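Enquirer:
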Amino acid sequence: MIKERSDLHFFMITKRIDRLAECLPPDWEEGYENVTLCCTVENQERAAYRLPIYKEAPIKHKIIICEPLLSAIDLSPYLGD
């Protein structure tokens with residue numbers, strides 16, 4: 005449905021980015037143009053686990069969401085140029 009509805013932009017949020025590879029369709033490649041996939045982190049420990057996976061994931065449009073923010077998080081190691 006997501007691929008067929010290229011007239012819409014889908015915004016999906018997950019804290020289970022480590023499961024992404026097993027859920028992608030066969031034609032995903034580097035992602036669909038009409039999909040933004042967001043990864044949530046709530047503290048530095050979860051950021052250290054999830055964000056390296058997220059950074060390497062084949063996603064065209066990415067957003068990091070810090071919620072619920074349980075403590076200070078340094079995102080600088082996970083941000084690109």
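Take the position in the sequence shown, starting the count at 1, then add 4; the result is the number in our numbering.
Idealized CB from N, CA, C, for every residue including glycine.
The structure displayed is predicted, hence computed values, not measured ones.
1) Measure from the alpha carbon of C50 to the alpha carbon of each residue in A76, E8, S10, then state which is nearest.
2) Under the three-state reduction of DSSP, which class applies to L55: helix, strand or coil?
3) Leaving aside the five residues before and after P62 along the sequence, list all residues of the same chain whose C-beta is less than 7 Å from its C-beta, in chain order.
4) Enumerate in chain order the residues of its own chain whose CB-to-CB distance from P56 is below 8 Å, with the five nearest sequence positions on each side excluded.
5) Just to confirm, is the Cβ distance from Y58 to C43 under 8 Å?
6) What does the alpha-carbon distance come out to for the pair Q48 and D11?
7) The alpha helix (DSSP H) with L24 in it runs from where to where?
Expert: In terms of the structure at hand:
1) Reading the sequence as shown, one finds Arg at residue 50 and not Cys. Considering only alpha carbons, the answer is A76.
2) helix
3) W32, E33, E34, G35
4) Y82
5) Yes, the pair counts as a contact, with Cβ atoms nearer than the cut-off.
6) 37 Å
7) 24-27
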